[in-house]
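Have a look at the structure below before the remarks.
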């Protein structure tokens, strides 16, 4: 009798363990694996939508040229304003020119900062044209955007 009770208890425990294993396998097969790999798949999807996207690559490539061109435009504006200031305008006009120069200098510095920030971003830096400088320098008076 004791032997028969042990056998029944053993089969019951074995059945519970088998049910638990089957449940665990079902969870992983039908969603658990997806749950475990979600962070990895999310990163891959994000990378494919950005770096793997042709539109992103072209837009980023052109964005570097646009930012560099905006720096050059600000430098040209500063040159024109300086020429006007050198022509000895009235005191009121000279004050407006100086104010405009301050605004253009700030705009130029902002464009340079944006360019440099994007140049250091890992997912963008690989799409920077080889002829463009890696970083722009605020202290340089004339920026070269292409070699």
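In the numbering used here, the protein residues as written are 132 to 278.
Note that beta-carbon positions come from the ideal geometry of N, C-alpha and C, so glycine has one too.
Predicted, not measured: the structure shown is a model, and the values here were computed from it.
Local conformation of residue i per DSSP, three classes
i           : result
residue 270 : coil
residue 261 : coil
residue 276 : coil
Whole-angstrom C-beta distance between residue j and residue i, which should lie under 8 Å
i           : j           : result
residue 242 : residue 211 : With a Cβ gap of about 17 Å, residue 242 and residue 211 do not count as contacting.
residue 277 : residue 262 : 4 Å
residue 216 : residue 225 : 6 Å
Short CB-CB distance (under 7 Å) between residue i and chain D
i           : result
residue 214 : Judged by its chain identifiers, the structure shown contains no chain D, having just a single protein chain.
Cβ neighbour criterion (16 or more within 10 Å) applied to residue i
i           : result
residue 239 : buried
residue 147 : exposed
residue 189 : exposed
residue 88  : Past the edges of the chain, shown from 132 to 278, lies residue 88, and the structure says nothing about it.
residue 143 : exposed
residue 271 : exposed
residue 274 : buried
Could you check whether the stretch 184–194 touches the stretch 233–240, counting it as contact only if at least three pairs of C-beta atoms, one from each stretch, sit closer than 8 Å? no
Identify every run of the beta strand (DSSP E) within the stretch 194–247, keeping only runs that are complete inside it and at least 3 residues long; order them along the chain. none
Within the chosen definition, does the stretch 198–213 reach the stretch 260–274 through at least 3 CB pairs nearer than 8 Å? yes
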